[in-house]
Structure formats: structure tokens, C-alpha cells
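Notes follow the structure.
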Amino acid sequence: MTTAPATIRRITGTLVEAGPLPAAGLYELALVGEHRLLGEVIRVQGSIATLQVYEDTNGLAAGEPVISSGRPLEIELGPGLLGAILDGLGRPLPDLARTLGDFLVAGGETSTLDQERRWHFEPGVIPGQVVGPGDVIGTVEERPGWPHRILVPPGRGGTVLQAAAGDFTVREPVVRLTDGGTLALSHRWRVRAPRPSALRLPDDRPFLTGQRIFDFLFPVAEGGTVAVPGGFGTGKTVIEQSLAKWADADIIVYIGCGERGNEMAEVLNEFPALTDPRTGRSLMDRTIMVVNTSNMPVAAREASVYLGITLAEYYRDQGYRVALMADSLSRWAEALREISARLSEMPGEEGYPTYLASRLGTFYERAGRVRCLGAPEREGALTLITAISPPGGDFSEPVTQACLRVAGAVWALDPSLAHQRQFPAVDWETSYSEYLNRTLPWFEQEAGAGWGDARRRLLELLQRGRELKEIAALVGPDALQDEDRLILDSARLLRELVLAQSAYSPTDASSPVGKTLALARLALALHDAARTALGAGRVFERLDFAPARRALIALREAGADAWPAAVPGVEAAVALMARGEAVR
Ligand SMILES: Nc1ncnc2c1ncn2[C@@H]1O[C@H](COP(=O)(O)OP(=O)(O)OP(=O)(O)O)[C@@H](O)[C@H]1O
Ligand SMILES: [Mg+2]
Numbered sequence: 002m003t004t005a006p007a008t009i010r011r012i013t014g015t016l017v018e019a020g021p022l023p024a025a026g027l028y029e030l031a032l033v034g035e036h037r038l039l040g041e042v043i044r045v046q047g048s049i050a051t052l053q054v055y056e057d058t059n060g061l062a063a064g065e066p067v068i069s070s071g072r073p074l075e076i077e078l079g080p081g082l083l084g085a086i087l088d089g090l091g092r093p094l095p096d097l098a099r100t101l102g103d104f105l106v107a108g109g110e111t112s113t114l115d116q117e118r119r120w121h122f123e124p125g126v127i128p129g130q131v132v133g134p135g136d137v138i139g140t141v142e143e144r145p146g147w148p149h150r151i152l153v154p155p156g157r158g159g160t161v162l163q164a165a166a167g168d169f170t171v172r173e174p175v176v177r178l179t180d181g182g183t184l185a186l187s188h189r190w191r192v193r194a195p196r197p198s199a200l201r202l203p204d205d206r207p208f209l210t211g212q213r214i215f216d217f218l219f220p221v222a223e224g225g226t227v228a229v230p231g232g233f234g235t236g237k238t239v240i241e242q243s244l245a246k247w248a249d250a251d252i253i254v255y256i257g258c259g260e261r262g263n264e265m266a267e268v269l270n271e272f273p274a275l276t277d278p279r280t281g282r283s284l285m286d287r288t289i290m291v292v293n294t295s296n297m298p299v300a301a302r303e304a305s306v307y308l309g310i311t312l313a314e315y316y317r318d319q320g321y322r323v324a325l326m327a328d329s330l331s332r333w334a335e336a337l338r339e340i341s342a343r344l345s346e347m348p349g350e351e352g353y354p355t356y357l358a359s360r361l362g363t364f365y366e367r368a369g370r371v372r373c374l375g376a377p378e379r380e381g382a383l384t385l386i387t388a389i390s391p392p393g394g395d396f397s398e399p400v401t402q403a404c405l406r407v408a409g410a411v412w413a414l415d416p417s418l419a420h421q422r423q424f425p426a427v428d429w430e431t432s433y434s435e436y437l438n439r440t441l442p443w444f445e446q447e448a449g450a451g452w453g454d455a456r457r458r459l460l461e462l463l464q465r466g467r468e469l470k471e472i473a474a475l476v477g478p479d480a481l482q483d484e485d486r487l488i489l490d491s492a493r494l495l496r497e498l499v500l501a502q503s504a505y506s507p508t509d510a511s512s513p514v515g516k517t518l519a520l521a522r523l524a525l526a527l528h529d530a531a532r533t534a535l536g537a538g539r540v541f542e543r544l545d546f547a548p549a550r551r552a553l554i555a556l557r558e559a560g561a562d563a564w565p566a567a568v569p570g571v572e573a574a575v576a577l578m579a580r581g582e583a584v585r
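As C-alpha cells, this is what we get:
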């Protein structure tokens, strides 16, 4: 029996109804119209499939053909991804621009990986060896210092017949199996499905950010998830970029999901210009960017987060520690809302689909620290840092709320702090981390004993400072007791000298944990010393904090190697205060 060829029945924006497609599966790709636009099946009713088209549907007409591919949205994974700038469907942007002109033309089909380039493959397996899913069959030097481990794709395996060193393109066979099968440098993976791993490992290791307020107050575990909600201009992008630069991760996947075109242009111009502080080379050497340009339809934006996380999982599976930055997930959620509305689905809160929270949940669940599938034994991690931009900075809106429920840590950005130029503008009262207790032993061990204690004391002082500030606003600061005035002062000092950190400081943009602890400990010691001085009869008014402040600033502005030399200076100033000699 033959069925008539499928044709377009109806077009609503980027949604297309086509039929007959009785065998179409959900999330399968299809080529739509004369120009073979890429579309994805998002609903099947009888023999009619609803397709979400990833490209501009202008000019598309009813009656044009639709060809089902029988395959879901996939990405080709292999050497050549590092340094790539891809669109939401995995097509290299510079390539698209080169082959199709500056304006992306609908229907452009280019592959993710360079199909001509040859890579030198060093096999890691020998004939007769049995290989299974995730096993490393050899390596390719993708970028200097970054061996790209070639993996047996999940679900594959066999006995090696032949494995030879040599120069290969990504799809040529590099290993032949006795059953006639072959393995290549690249394989395809469907982006909406999580890549498997052998075992989930506990999240007791911190993902070091180099940002004091995060490492010290709201640490995230390696393999953890963070939501960074913040209104307009509160510093989300600066945080994502600082982390891309400084966080202790091997590979960065950066998903730019902007709403304004110039915002994405900025990312595209600025990001590749960043240097990797560890190597002095371009940060792009260990970065993959997924960028949604403003002229791409919402459907591609919706798909881009899955593409990005699949890329991240692929490097995790090689045994790397990967950080995925998404800026911002709100734009993704808006794409989901738009598609849902066109499907006339029952809307949930503020028009978002009722499955928003569960979609977000499954996305966040793809993060984790794992024992990778296959041999040799190796660990990988995927840490997720997602910016959220609630309209009007209102955190009660559905996307922020859904993210807050699933994320392991929340760094809530406060516009009033940003306004005071207190950066990172993290509100320490509403931010939290569920990784605190599990990562504490690491900090106590590696950064220095007293980490937890200093953290607790610092937060107490901040809290006390905030209460006193409210009282002082009512009665005037002069009505406060000396001890309370000191607390007010110390809280401000902790905020300004310990928690604030300029992303643009040449020496303090990243703070090693030892320096973070030293700064906090000494600022607290200064507070204690001043209290001792008050206890010994000194008057608050006459205490001279200037030398200690200067010494603390010198410590803060000392670089990663230089800071220990700045510690004695602060200690001396603190001792002077404790002896009651730091007076005006
Ligand atoms: N850590 C920091 N150090 C110094 N300045 C900062 C820091 N964080 C943010 N800023 C300042 O705040 C400005 C706005 O930050 P950013 O662009 O990251 O905000 P955003 O939340 O991404 O804004 P939008 O909502 O427009 O995307 C920056 O241009 C910079 O001047
Ligand atoms: Mg931004």
C-alpha cells in the first residue's frame, strides 16, 4: 500500500500542519516545503503531524511537500567542536555566514563539524580487544593540551579487528570491528536525550568560581546547578563571563540566548576576544558557544539549550569538568511559551505551558558529577549556571519560581546593590546553597581550618548590621551605642572589602580560596580588635580604622601569588587596634 506524499495543510507562524504522516514520531525531523526547511514534529494527531519549523516560514505555502526524516534532532559530536560558534541547531555561524551570506538564508544545511579536515588519531585499543559503550578507543589532539578522547558511542561495541594511527576526517572509519562494523572520530546524538553515564557521584566537591561571595557564602558543587535571577543590568552576564574565565573548569559551553540582537552581537564580539588567564591563549580554545541570533525563530532557541547541554555531556563523558552557562533561560522559557500558545495548549501561569517546571527539571537533571561510561575509569562533571531575567526584576514570576525550585543554589541579584555599584550584586539574604554542608569539609581542608566558622560569623555580622541600619534610620546613627556603631561599620567593611569584587580588577578578578579566607578572617579579626579596644575604654569616634582598611585593600588587590605577603601588614594593623593604639 502506498500513501500519498505528505504536504503542508496549514501554516501558523512557524507551526506547520502536514499530512498524511501516519508514522511520524514525536521530535522527529522533517524537511518542509520546496526549500526544505528544517522542522520538528511536536504533535501527532491521526495522520496529521504538527511541525515546528526552525527557520523563517515566510513564503511557505500550503500544498508544498513535507519529507519525514525518521530521525530526531541530532548533533554530530567529534573533534573540532572546541572554539566553534554554533547556532541553535548546531550549524557553525561563521560557516553559515560564509556560505550563505551575512543574512542567514532559510534551509541552509551545513554540518557541525568540518568534513574535510583531517585529525591525527592515536589508537588506544588493539586488535582482539573487546570494546563497549563509552570506551576510549583513542585520542586526537583537538587543541594543544586538550586531548579529545574518541568514545565508543553509547549502545555500540564489539571486538576490534583493526585500529591504526593515521590522519582521518571525522566520518572515516578509524577502528574496524570483527562484525564488520566501524567506529569513526565522530558520532551523532539526539539532543533531547541525556547521554548515559556509569554512576552518579556525590556532590561534595566545590566548583571553584574564584568569586569570593560564591565560594565563601553560596558555594556550588562540581556537577551542581545554580540559578542566577536578576533584573535588568544587575550583572548576570558579567558573572557568567567571569565564571567562564576563572572558574575551575576544563571546558566551557556558553549558550547565548538573548532577546536583543545587539546583545548577541556583543557576546559574539567580546567572548572570542577574552583570554584564558591560565594559558594566555584565547578562551575560545576550550569554549563552545551556542548562540541564538535574533533572526532565528523561537523554535531554534527552544532547541539550543538541549544542543548546548549535549555538547557539555559529550566532553563530560571524555572525563572533563565542564561548565555550562546559559544566559538567559528566561528567553528559552519564552520560546516554549510561544510554541505552546501556537499549539493552543491550555496555558498555565502567565501563559507559560503547565509543563514548564518539569521541562526545566529534566534539563537541570542533566547536570552532575559522574563516573563516565566505559574504560578506562574516569570522572567527569557538568556544572550548570543559568541566568534568569525576570521581567521587571520580579522573582515571583513563573520562570524564576520554577528555577528556584529545581536549582541547587541560587545567587539572587539585587538591583539596589547594583545601583550602589556593589558587585557581584548578590543579595545574601535571599541567596542560598544546598551544597554548603557537603562542600564544607573540602574548604576546611584545602582553604584552611576556620572556613565554616568565619562564614557563619560574617553572615551574623551582616545580619546584625542590616538590623542596626534600620534602627539607625529611625533614631539616627548617633543614638546608637559604640558597640552597635562598630557593628554597622564592620558590616559595611565586610561588604565593601570582602564580598565586593570587581570583574575588571587585573589582580582581584579571581580570588583563590586561601585569599578569600584570609580576607574574611582578618576583617573579622579587625572587628574583634576594635571591640577589645572599646572594652578597654576607647571611644568609637576616636578609633582609627584607616591603616587597617588600607592594609585590607592591599591584601584584596594583591594577585593570586602575591597575597600571602600582604597578610602581615593587616595583622600588624589589627594588633595595633587590639592594643588600643589605633586612635586618632
Ligand atoms: N563583578 C562586577 N564588577 C564590576 N562591574 C560589574 C560587575 N558586575 C556587573 N558590573 C557592571 O554592571 C553592568 C551590567 O552588568 P551585566 O551586563 O552583566 O548585567 P545583566 O544582568 O546581564 O543585564 P541585562 O539584563 O541587560 O542582560 C556591567 O556593564 C558592569 O559595568
Ligand atoms: Mg546580560
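Residue numbers (the numbering used here): 2 to 585.
The C-beta atom is built at its ideal place from N, Cα and C for all residues, glycine as well.
Through-space distance from Asp136 to Gly159, alpha-carbon basis: Each residue's Cα considered, the two are about 11 Å apart.
Nearest by alpha-carbon distance to Glu173: which of Leu114, Gly146, Ala185, Arg439 is it? By alpha-carbon distance to Glu173, the top candidate from Leu114, Gly146, Ala185, Arg439 is Ala185.
Thinking C-beta only, is Arg206 closer than 7 Å to Trp452? The criterion of a C-beta distance shorter than 7 Å is not satisfied by Trp452 and Arg206.
Just verifying my parser: in three-state terms, what is the DSSP assignment at His36? His36: coil per DSSP, three-state reduction.
Who are the near neighbours of Ala631 in its chain, counting only those whose CB is closer than 6 Å to its CB and skipping five residues on each side? A question about residue 631 goes unanswered here, because the residues of the chain that appear run from 2 up to 585.
Starting from the C-beta of Gly79, find all residues in its chain whose C-beta is less than 6 Å away, skip the five residues before and the five after it, and write them out in chain order. Cβ-Cβ distances below 6 Å link Gly79 to Leu114, Val171, Leu186, Ser187 in the same chain, with the five nearest sequence neighbours on each side left out; the list follows chain order.
Below 6 Å, is the gap between the Cβ of Thr210 and the nearest heavy atom of ligand 1? Incorrect: Thr210 has no Cβ contact closer than 6 Å to ligand 1.
For Asp479, does the count of other Cβ atoms within 10 angstroms reach 16, so buried, or fall short, so exposed? Exposed.
Taking the CB atoms as reference points, tell me whether Ala549 and Ala455 lie closer together than 7 Å. No, they are not a contact pair.
From Asp68 to Thr13, what distance separates their C-alpha atoms? Residue identity check: residue 68 is Ile in the sequence provided, not Asp. Rounded to whole angstroms, the separation of the alpha carbons of Thr13 and Ile68 is 19 Å.
Using only the alpha-carbon positions, how far apart do Ala583 and Asp483 sit? The alpha-carbon atoms of Ala583 and Asp483 are separated by roughly 16 Å.
With a threshold of 6 Å (Cβ to nearest heavy atom), would Lys470 be considered close to ligand 1? Lys470: no, Cβ never under 6 Å from ligand 1.
Are three or more beta carbon pairs between the segment 217 to 237 and the segment 402 to 420 nearer than 8 Å? In short, these stretches touch, since the Cβ pair count reaches three.
CA-CA distance, Ala510 and Lys470? One C-alpha to the other measures close to 29 Å.
Our contact map puts Ala368 next to Ala248 with C-beta atoms below 8 Å; I'd like the distance itself, whole angstroms only. The C-beta separation of Ala368 from Ala248 comes to about 14 Å, leaving the pair out of contact by the 8 Å criterion.
Suppose the cutoff is 8 Å on Cβ atoms and the five residues either side in sequence are ignored; what does the same chain contact list for Arg21 look like? Sequence inspection shows Pro at residue 21; the Arg mentioned does not correspond to that position. Close CB contacts of Pro21 within its chain, under the 8 Å cut and outside five residues either way in sequence, are with Thr4, Ala5, Ala7, Ser48, Ile49 (chain order).
Length of the line joining the Cα atoms of Thr100 and Arg10: With a pLDDT of 47 at Thr100, under the threshold of 50, the predicted position of this residue should be treated as unreliable, though the coordinate-derived value follows. Going from the Cα of Thr100 to the Cα of Arg10 covers about 32 Å.
Considering only their Cβ atoms, is the gap separating Gly581 from Ala530 smaller than 7 Å? No, they are not a contact pair.
Could I get the ranges of all uninterrupted beta strand (DSSP E) runs contained in the segment 321 to 367, with 3 residues as the minimum, in chain order? Listed in chain order, they are 322 to 328.
Would Glu1 and Ala336 qualify as a contact pair, given that the criterion is a beta-carbon distance under 7 Å? The structure shown does not extend to residue 1, since the chain is modelled only from 2 through 585, so no value can be given for it.
Rounded to whole angstroms, what is the Cα-Cα separation between Leu385 and Gly309? In this structure, the straight-line span from the alpha carbon of Leu385 to that of Gly309 is close to 11 Å.
What residue range does the beta strand (DSSP E) around Ile256 cover? It spans 252 to 257 - the beta strand (DSSP E) in which Ile256 sits, taken as one unbroken run.
Within 6 Å: the Cβ of Arg393 and any heavy atom of ligand 1? Note on residue identity: the sequence assigns Gly, not Arg, to residue 393. No, the beta carbon of Gly393 sits no closer than 6 Å to any heavy atom of ligand 1.
Can you tell me whether Val132 is buried or exposed, with buried defined as 16 or more other CB within 10 angstroms of its CB? The residue is buried, with at least 16 neighbouring Cβ atoms inside 10 Å.
Counting Cβ pairs closer than 8 Å, one from the segment 542 to 559 and one from the segment 242 to 259, do we hit at least three? At 8 Å Cβ cutoff, the stretches do not touch.
Can Gln212 and Gln502 be called in contact, C-beta distance under 7 Å? The criterion of a C-beta distance shorter than 7 Å is satisfied by Gln212 and Gln502.
For my contact list, Val153 and Trp120 are in at a C-beta cut-off of 8 Å; report their separation, rounded to the angstrom. About 17 Å separates the Cβ atoms of Val153 and Trp120, ruling out a contact at the 8 Å cut-off.
Could you tell me the distance, in whole angstroms, from the CA atom of Pro278 to the CA atom of Arg557? Distance between the alpha carbons of Pro278 and Arg557: 18 Å.
Secondary structure at Gly369, three-state DSSP: helix, strand or coil? Strand, per DSSP.
Distance cut-off 6 Å: Val499 Cβ against heavy atoms of ligand 1: No, since every heavy atom of ligand 1 falls outside the 6 Å radius drawn around the Cβ of Val499.
If you follow the alpha helix (DSSP H) that Glu447 is part of, which residue opens it and which one closes it? Counting along the chain, the unbroken alpha helix (DSSP H) around Glu447 starts and ends at 437 to 447.
Let me check one thing: in DSSP terms, what residues is Ile9 bridge-paired to? Residue pairing for Ile9: DSSP places it in a beta bridge opposite Ala19.
Which value, in whole angstroms, describes the spacing of the CA atoms of Gly146 and Phe364? As the crow flies, the alpha-carbon of Gly146 is around 30 Å from that of Phe364.
Using the three-state DSSP reduction, which class does Ala50 fall into: helix, strand or coil? Of the three classes helix, strand and coil, the one that applies to Ala50 here is strand, per DSSP.
Tell whether a beta-carbon distance below 7 Å holds between Tyr433 and Gly409. Cβ distance not < 7 Å, so Tyr433 and Gly409 don't count as in contact.
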